[in-house]
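Undergrad: Below you'll find the structure I mean.
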Amino acid sequence: MTDCFGIYGRRQLVLGAAAAIGAHALYAPAVHAARRPAEIRRLAMTNRRTGEDMNVIYWLEGEYIPESLTAISHFMRDWRAERMRNIDVRTLDILAAVHNLLDTHEPFELVSGYRTAATNSKLRQTSDGVASNSLHVLGKAADIRLKGRSTKQLGRAALRCRAGGVGTYGNSGFVHVDCGKVRSWGTPI
15 MTDCFGIYGR RQLVLGAAAA IGAHALYAPA VHAARRPAEI RRLAMTNRRT GEDMNVIYWL
75 EGEYIPESLT AISHFMRDWR AERMRNIDVR TLDILAAVHN LLDTHEPFEL VSGYRTAATN
135 SKLRQTSDGV ASNSLHVLGK AADIRLKGRS TKQLGRAALR CRAGGVGTYG NSGFVHVDCG
195 KVRSWGTPI
């Protein structure tokens, strides 16, 4: 059994040690954790508020693709203010890892990506769960849903990554992920 970054149990590591010795960079640091590099990293998302869909390879053969990062940042923009900010690649890597862990072809539904300070302030006035120092304002967070998966399942997968903040909002039906400190809050899972 592996976690979202491809870390194997002790037995699998012992069995695979001989093969791993000759492999160059089998494990590479990413998102503050050991991660087994994949040939590609892809994000697929929908946004009901804007009517947009996105399916983008943003990392290929060890490098981020600048045009893809720009497309993702545009997709995750503050649609209320029509402003965008570069989304932190660590957040993208967490999203991709969660998606891979859940082994699904369904796209994430983006509930919220980047927010301007003004949008964040307005949302704080109408919702209890919006932080004044939200990482959304820095382009370091995303609120997501996944068709066919419960909030608990999505939250558990994000927690298994051990790579940032995970907030589970069962009543609202979404999970917050960010590339900040490892921590969790919200609906018990």
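According to my numbering, the sequence shown is numbered sequentially starting from 15.
Every residue gets a Cβ at the ideal spot worked out from N, C-alpha and C, and that includes glycine.
From a predicted model like this one, the values you see are computed outputs, not experimental measurements.
1. Would you check whether the ligand NAD has a heavy atom nearer than 8 angstroms to the C-beta of L173?
2. In this structure, does DSSP put A177 in helix, strand or coil?
3. T60 to A145, Cα distance in whole Å?
4. Are there 16 or more other CB atoms within 10 angstroms of the CB of R129, so buried, or fewer, so exposed?
5. Closest to I203 by CA distance: which of V151, N185, M90 is it?
6. Distance, Cα to Cα, A131 vs R138?
7. Where does G200 fall in DSSP's three states?
8. Express the C-alpha separation of R97 and W199 in angstroms, rounding to a whole number.
9. Let me check understanding here. Comparing Cα to Cα, which of L74, T105, E77, L124 lies closest to V196?
10. Run through DSSP, which three-state label would V144 get?
11. When DSSP labels each residue in this structure, what does R129 get in the three-state scheme?
12. How many angstroms separate the CA atom of A95 from the CA atom of K136?
13. Roughly how many whole angstroms lie between the Cα atoms of I86 and R176?
14. Please state the DSSP three-state secondary structure of I86.
15. Tell me the DSSP secondary structure of S186 in three-state form.
16. Quick check: E120 and A171, are their CB atoms within less than 9 angstroms of each other?
17. Should I101 be labelled buried (16 or more other beta-carbon atoms within 10 Å of its own) or exposed?
TA: Let me lay it out:
1. Ligands displayed in this structure: none; no statement on the ligand NAD is therefore possible.
2. The residue labelled residue 177 in the question sits at position 163 within the sequence shown. A177: coil per DSSP, three-state reduction.
3. Locating residue 60 in the sequence shown gives position 46, counting from the first residue. Locating residue 145 in the sequence shown gives position 131, counting from the first residue. Roughly 24 angstroms between the two C-alpha positions.
4. For the purposes of this step, residue 129 is taken as residue 115 along the sequence shown, with counting starting at 1. R129 comes out buried.
5. The residue you call residue 203 lines up with position 189 of the sequence shown. For the set V151, N185, M90, the Cα lying nearest the Cα of I203 is the one of N185.
6. As a position in the sequence shown, residue 131 is number 117, starting the count at 1. As a position in the sequence shown, residue 138 is number 124, starting the count at 1. Cα-Cα distance, rounded: 10 angstroms.
7. As a first step, residue 200 is located in the sequence shown; it is residue number 186 there, counting from the start. DSSP places G200 in strand when its eight states are reduced to three.
8. Position 185 of the sequence shown holds residue 199. Position 83 of the sequence shown holds residue 97. Whole-angstrom Cα-Cα distance: 28 angstroms.
9. Indexing the sequence shown from 1 puts residue 196 at position 182. Across the set L74, T105, E77, L124, the C-alpha of T105 shows the shortest separation from the C-alpha of V196.
10. Residue 144 sits at position 130 when you count from the first residue of the sequence shown. V144: coil per DSSP, three-state reduction.
11. Within the sequence shown, residue 129 is the residue found at index 115, counting from 1. Under the three-state reduction of DSSP, R129 is assigned to coil, being neither helix nor strand.
12. Along the sequence shown, one-based indexing puts residue 95 at 81. Along the sequence shown, one-based indexing puts residue 136 at 122. Each residue's alpha carbon lies about 12 angstroms from the other.
13. Counting from one through the sequence shown, the residue named residue 86 turns up at place 72. Counting from one through the sequence shown, the residue named residue 176 turns up at place 162. One C-alpha to the other measures close to 23 angstroms.
14. Here the question's residue 86 lines up with position 72 in the sequence shown. The three-state reading of DSSP puts I86 in helix, counting H, G and I together.
15. Position 172 of the sequence shown holds residue 186. Correct three-state label for S186: coil.
16. Start at 1 with the first residue of the sequence shown, and residue 120 comes out as number 106. Start at 1 with the first residue of the sequence shown, and residue 171 comes out as number 157. No, they are not a contact pair.
17. Position 87 of the sequence shown, counted from the start, is the residue given in the question as residue 101. I101 should be labelled buried.
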